[in-house]
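*Asks:* Below you will find the structure I want to go over with you.
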Amino acid sequence: MKLVPKEPPGRSTRKARGYAPDMRELRAQGYTFEAIREALAAAGVHVSNATVQREVARLAKGSATAAATSSGSRSGHELQNAVPMTGTLVLPTPPLATPDSPTEVDLRSGKEIAEAFTSSRITNPLALARANAKDPS
Amino acid sequence: MKIAVINFSGNVGKTTVARHLLLPRIAGAELIAVESLNADEGQGQALRGRQFGELQEYLQTIDNAVVDIGASNVEELLDLMRRYRGSHEDFDCFVVPTVPALKQQQDTIATLVDLSRLGLPASKIRLVFNMVESGLQFKTTFFLVLGFLAEQRIATANPDCRLGTNEIYARIRNKGIDLATLTRDDTDYKALIVKTKGTAERLALAQKLATRRLASGVVPELDACFAALGLGTGGTNDAVALHSPTPCPT
Chain A
3 MKLVPKEPPG
13 RSTRKARGYA
23 PDMRELRAQG
33 YTFEAIREAL
43 AAAGVHVSNA
53 TVQREVARLA
63 KGSATAAATS
73 SGSRSGHELQ
83 NAVPMTGTLV
93 LPTPPLATPD
103 SPTEVDLRSG
113 KEIAEAFTSS
123 RITNPLALAR
133 ANAKDPS
Chain B
338 MKIAVINFSG
348 NVGKTTVARH
358 LLLPRIAGAE
368 LIAVESLNAD
378 EGQGQALRGR
388 QFGELQEYLQ
398 TIDNAVVDIG
408 ASNVEELLDL
418 MRRYRGSHED
428 FDCFVVPTVP
438 ALKQQQDTIA
448 TLVDLSRLGL
458 PASKIRLVFN
468 MVESGLQFKT
478 TFFLVLGFLA
488 EQRIATANPD
498 CRLGTNEIYA
508 RIRNKGIDLA
518 TLTRDDTDYK
528 ALIVKTKGTA
538 ERLALAQKLA
548 TRRLASGVVP
558 ELDACFAALG
568 LGTGGTNDAV
578 ALHSPTPCPT
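Chains as they are written, first to last, in this note's numbering: chain A, 3 to 139; chain B, 338 to 587.
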């Protein structure tokens, strides 16, 4: 008898990273973290909602830094290529069209935007104090 | 002038801001509480969020109001405000109190985003930094809200719009006393204490003296915070300065 694993090789959180560009794109289209988590699960990657949020925030932060510095940090696609598994998440009908103000382009709820912003920031008071000591501005 | 005090989060001092910062400084303002939890405080009128239609109609009949929107009603009220398109224009300003706790700062960001999505310009959404500890760096304390506003300028944040923690608010809660009345009280409590024999009576008088002292100390801070809010600028000017009265016997 030959064993056939249900999931591809590697840690599930790392496998989710392979879908990071898709995850970010889906968030930009207004899908909830839970909907993305379910889509990942359908693609055989079982992670928590927090992992989805972290990966989306990580990529958003990375892109922002890259845009700001125009330096050679890895893009989402490069990141995707750096991990062994690639794939495209499939979700049902996309949400409605977007209005044009900065916060309205983002179809997430105010609470989701606030949550994602918080999770993309260092909130540990000790780490924060150290960061502020290094860069008082 | 009609001001709404709003935040998704509880425990940010909405009621304190409404009753003690805004109400006494806006001439002839009525206090309207949209709240199911704090409605027992006995001052002003109380409505539920779902009664937004009634609130909207009532606001057309008065010139000045402070609407204290309790956390449990914010979501429902904002939904209704979206339904009654343009109803946010009934308010001259939305005051959003925030405090140092992270959860409350995150909820504050959510509140600012949802207010902005109603179509409100940044000049009409103003933050009040509440429960600010003296000695702590302002920027460090409110790094989350300030960081968000640095990226998306959807609200007005003036560091001078700040209030410290003060036990006076707890002392006068549910007593229907306002700070101005307390500071105007010219009773010579020290003389009364000397004349009184019983310890319990003396302590009761001493408590009143301490409360008046706290009130006298906090009014200038509230005046400065209100002035920094700049509510008299860019709209109907019904704002009045609540100057500290002549000092009472201490």
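We put the CB at the ideal spot given by N, CA and C, even for glycine.
Can the beta-carbon of GLU367 of chain B be found closer than 8 Å to that of ASN410 of chain B?
*Replies:* The Cβ atoms of GLU367 of chain B and ASN410 of chain B do not sit closer than 8 Å to each other.
*Asks:* Name the chain A residues whose beta carbon is nearer than 7 Å to that of GLY594 of chain B?
*Replies:* This structure does not reach residue 594 of chain B, given that chain B is present from 338 up to 587, and the question cannot be answered.
*Asks:* Which residues of chain A have a Cβ atom closer than 9 Å to the Cβ of ALA447 of chain B, listed in chain order?
*Replies:* SER111, GLY112, LYS113, GLU114, ILE115, ALA116 and GLU117
*Asks:* If we define contact as Cβ-Cβ less than 8 Å, is LEU130 of chain A a contact residue for chain B?
*Replies:* yes
*Asks:* What residue range is occupied by the uninterrupted beta strand (DSSP E) comprising MET338 of chain B?
*Replies:* Careful: MET338 of chain B lies outside any beta strand (DSSP E) and carries neither H nor E.
*Asks:* Using the three-state DSSP reduction, which class does ALA494 of chain B fall into: helix, strand or coil?
*Replies:* coil
*Asks:* Ignoring anything shorter than 3 residues, give me the beta strand (DSSP E) runs that lie fully in the segment 447-499 of chain B, in order along the chain.
*Replies:* Correct list: 462-469.
*Asks:* Compare the C-alpha of VAL404 of chain B against each of B:ALA355, B:GLU426, B:GLY365 and B:THR477 and name the closest.
*Replies:* B:ALA355
*Asks:* Please determine, among B:VAL482, B:LEU486 and B:ARG499, the residue with the shortest C-alpha to C-alpha distance to ASP471 of chain B.
*Replies:* It should be noted that the sequence gives Ser, not Asp, for residue 471 of chain B. Looking at the Cα atoms, B:ARG499 is the closest of the given residues.
*Asks:* Which of the three DSSP states is assigned to VAL349 of chain B in this structure?
*Replies:* coil
*Asks:* Buried or exposed, going by whether 16 or more other CB atoms sit within 10 Å of the CB of SER346 of chain B?
*Replies:* buried
*Asks:* Could you round the C-beta distance between ALA552 of chain B and ILE491 of chain B to whole angstroms and report it? I think they count as a contact, below 8 Å.
*Replies:* Not really, about 35 Å apart at Cβ, beyond 8 Å.
*Asks:* If contacts are defined as beta-carbon pairs under 8 Å, then LEU359 of chain B and ILE343 of chain B qualify, I think. What distance do you get, rounded to the angstrom?
*Replies:* LEU359 of chain B to ILE343 of chain B, Cβ: 12 Å. No contact.
*Asks:* For a test of the three-state rule: what should DSSP assign to ALA402 of chain B, helix, strand or coil?
*Replies:* Note: ALA402 of chain B maps to strand in three-state DSSP.
*Asks:* Please confirm if LEU566 of chain B has its CB atom under 8 Å from at least one CB of chain A.
*Replies:* Interface flag for LEU566 of chain B against chain A is unset, since no Cβ pair is found closer than 8 Å.
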